[in-house]
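Reading through the structure tokens given below for one structure.
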Amino acid sequence: MKFEVRKPDKNLRPWIECYWNVELHTGTEDKTELILPNGKIEMIFALEGNYKVMNRRTRSVNYSWLSGCHYEPLEINYRGKSNLIGIRFYPHGIFPFLEIPIGETVNQVDSLHSIWGFFQEEMYEALCMVKENAEIYPLLDQFLIRKISEKKTKQYKVITGIVNQLKMNPNQSIPTLAASLGFTQRHLTRIFHDHTGLNPKLLAQVYRFEKAYSSLYFHSHNEVADLISQLGYYDQSHFNKEFKRFSGMTPGEYKRRASGSENFLS
């Protein structure tokens, strides 16, 4: 397997965390990747391979697709040779590149053509013509700089600040956060939803869950109580309920699956 990550142009970094490229070959066996909620948005271009996405329904995805911010688990099935190019956006990062309400992308995997039309075709064809991997990333920069809507970037500093605060401290009070910014809670929730499709409390819960599953794998059974307390869950029952809500499995099932599978992503 070949995997590499690159930073975007500095003018795109407020919205895009990174670009990535993965090439692998699974032979004739089907492989399934489990992707857990993490607050990220992925735009993916499949230069080789066939893929099926499974969450509430199963459907084939080919060429290019947008995987919105998820608060439910997602599985991707593939076989044979794969070559994927990805653009990883922050939770609010896709907003200035969209011509549809961002709420329509939450918990969804949609064909990029249905969102961008001819622009997606032009971008995909250009990526297919690339001969060296080093050419991929400047090309992505060029297309995304063309696509971004300046009029939709005016509040990015405020929204970025809120996202960073929620990630750093998922347990903080939303009314207190709003007051610190000079907003009412209602105003903060509205502008946050406009830019992410989520309410701030839900994204904070996703970030706390991300910390939980990232840490749980490395904790023994006796250490789990300490982890629950550190992450701000009320008790074991609260932890189990929220963990299953976002992953579709109990913490114990997660540990068993994670330790027994190489095909486990987040």
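Heads up, the sequence shown is in the working numbering, so the first residue is 5 and it goes up one at a time. Heads up, the beta-carbon is just placed ideally off N, CA and C, and yes, glycines get one too. All values reported here derive from a predicted model rather than from experimental measurement.
- Per DSSP, W19 lies in no beta strand (DSSP E) and is assigned neither H nor E.
- Only exposed fits N66, as fewer than 16 other CB atoms lie within 10 angstroms of its CB.
- Distance from the Cα of K205 is smallest, within the candidate group I178, D230, W120, for I178.
- In this structure, G97 sits away from I48, with a CB-CB distance that is not shorter than 7 Å.
- Secondary-structure assignment with DSSP links G90 through a beta bridge to W24, I48.
- Nearest to H74 by alpha-carbon distance, out of L185, N203, E154, is N203.
- For I119 and T164, the gap between their C-alpha atoms comes out near 24 Å.
- When secondary structure is reduced to three states using DSSP, Y67 falls in the coil class, being assigned neither helix nor strand.
- Per the DSSP secondary-structure output, E8 pairs in a beta bridge with N25.
- Note that the C-beta distance between V113 and V57 is below 7 Å.
- Note on geometry: alpha-carbon atoms of K248 and P255 lie some 7 Å from one another.
- P77 sits close to G252, with the two beta carbons spaced by under 7 Å.
- Per the C-alpha coordinates, the member of A262, S86, V228, W24 positioned closest to F93 is W24.
- Non-local C-beta neighbours of S219 in its own chain, meaning closer than 6 Å and more than five positions away in sequence, comprise L231, ordered along the chain.
- DSSP, read as helix, strand or coil, puts I232 in helix.
- If the five residues before and after Q146 are omitted, its C-beta is found closer than 7 Å to no C-beta atom of its own chain.
- Just so you know, the alpha carbons of A50 and R212 end up roughly 31 Å apart.
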